[in-house]
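Numbering (our numbering), first residue to last: 25 to 319.
Ideal Cβ positions, reconstructed from N, Cα and C, are used throughout, including at glycine.
Worksheet: the structure to be examined is printed underneath.
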Ligand SMILES: [Fe+2]
């Protein structure tokens, strides 16, 4: 199967795969091996509806359910645009398919994706892969940027590796949402999505390499004064997101991009979201293991 590497450190493009037609065990394994090595895989020209996207993702494990999000401050959960709960709506559209109003809280909630993050690090059972499919892309902007946190870990000075080994960070969706402001969770939402704790350095099972597990949901280091932990996390994120580590993906309609949340971070970049439509849909595979400690 032809593999084209899109960045010196990671990211592969695999062509000649048609997920909608169904894939055999060999192709399924080929995608897995590519992911283990490259951490991000681009599969262009995929003609998927929600069911076929879900079926492709479910080959790799159980899928997360998209949580309710409200449209008004403190209001009830907004009606869903996408019926299937295993699809995360990563668009700028409301339930009727119109672009979200500027004061719609869903806009603020989704804007949190513009911070460097790893999907679902705020869950104790966090995510392995995210699979994001481009249904409608705007004419300009809206690249997704990725970094490989194994490469970033490898490049850290030995003194920093020694300093962070064994540390545990606390992650919360409400921490990253509070950083940009604009979305206020209800008490029920806070209760439904409590923080989670994960080692700062974990071994990526598919490659055996150590990876930083950090980013915008990480609020502090367990057992450290909050400001010191925050400063360390910020320092590591700044280190890991230096230009040499970043791949920016320019989306084309039909692209399916898979990334491994255990060893990458990503962020959305802005576009003219009041005038153009961006309809992206994500399926997310749950990590059913306890997560591997650093090697
Ligand atoms: Fe994300």
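Quiz item: Shortest alpha-carbon distance to residue 214 belongs to which of 146, 30 and 265?
Solution: When only C-alpha atoms are compared, the closest one is 146.
Exercise. Please confirm whether residue 37 and residue 165 have their CB atoms less than 8 angstroms apart.
Key: No. Outside cutoff.
Quiz item: Hey, would you say residue 34 sits closer than 8 angstroms to residue 64, going by beta carbons?
Solution: Contact flag set, yes.
Self-check item: C-beta atoms of residue 255 and residue 140 nearer than 8 angstroms
Solution: Result no, Cβ atoms of residue 255 and residue 140 do not sit closer than 8 angstroms.
Quiz item: Can you tell which of 129, 81, 112 and 82 has its C-alpha closest to the C-alpha of residue 99?
Solution: The shortest C-alpha separation from residue 99 is found at 129.
Quiz prompt | Exposure of residue 189, with buried meaning 16 or more beta-carbon neighbours within 10 Å | solution = Exposed is the call here.
Quiz item: For residue 29, which residues does DSSP report across the bridge?
Solution: Residue 29 pairs with 36.
Practice problem: Check each residue's C-beta against every heavy atom of ligand 1 and list, in chain order, those closer than 7 angstroms. | Solution: My final list is 137, 141, 143, 154 and 290.
Quiz item: Bridge partners of residue 239, per DSSP?
Solution: In the DSSP output, where bridge partners are listed per residue, residue 239 has none listed.
Quiz item: Looking only at DSSP bridge pairs, what is residue 169 linked to?
Solution: As a beta-bridge residue in DSSP terms, residue 169 pairs with 272 and 291.
Self-check item: Straight-line gap, residue 118 to residue 151 (C-alpha atoms, nearest Å)
Solution: Straight-line measurement puts the Cα of residue 151 at about 26 angstroms from the Cα of residue 118.
Quiz item: Where residue 121 and residue 102 are concerned, what is the direct C-alpha to C-alpha distance, given to the nearest angstrom?
Solution: Their backbone Cα atoms lie some 13 angstroms apart in a straight line.
Quiz item: Going by other Cβ atoms of all chains shown within 10 Å of its Cβ, with 16 needed for buried, is residue 253 buried or exposed?
Solution: Residue environment analysis places residue 253 among the buried positions, since at least 16 neighbouring C-beta atoms fall within 10 angstroms of its C-beta.
Quiz item: Is there contact between the region 222-239 and the region 123-137, where contact requires at least three CB pairs shorter than 8 angstroms?
Solution: With contact defined as three or more Cβ pairs closer than 8 angstroms, the region 222-239 and the region 123-137 are not in contact.
Quiz item: Could you check where the alpha helix (DSSP H) with residue 199 kicks off and where it finishes?
Solution: For residue 199, the enclosing alpha helix (DSSP H) stretches over residues 197-204.
Quiz item: Who does residue 284 pair with in a DSSP beta bridge?
Solution: BP columns for residue 284 point to 153.
Exercise. Would you mind giving the Cβ-Cβ distance between residue 307 and residue 81, rounded to the nearest angstrom? I have them listed as a contact below 8 angstroms.
Key: The pair is a contact, with the Cβ atoms about 4 angstroms apart (cut-off 8 angstroms).
Quiz item: Roughly how far, in whole angstroms, is the beta-carbon of residue 321 from the beta-carbon of residue 274, given that I think they are within contact range, below 8 angstroms?
Solution: In the structure displayed, the chain extends from 25 to 319; residue 321 sits before or after that span and is not available.
Self-check item: Nearest-angstrom Cα separation, counted from residue 276 out to residue 143
Solution: For residue 143 and residue 276, the distance between alpha carbons rounds to 22 angstroms.
Quiz item: What are the start and end residues of the beta strand (DSSP E) that includes residue 261?
Solution: For residue 261, there is no enclosing beta strand (DSSP E); the enclosing alpha helix (DSSP H) has its first and last residue at 250-264.
Exercise. State buried or exposed for residue 186, treating a residue as buried only when at least 16 other CB atoms are found within 10 Å of its CB.
Key: Exposed is the call here.
Quiz item: Who are residue 113's beta bridge partners in DSSP?
Solution: BP columns for residue 113 point to 305.
Practice problem: Identify whether residue 313 lies in helix, strand or coil by the three-state DSSP scheme. | Solution: DSSP places residue 313 outside both helix and strand once states are collapsed to three, so it counts as coil.
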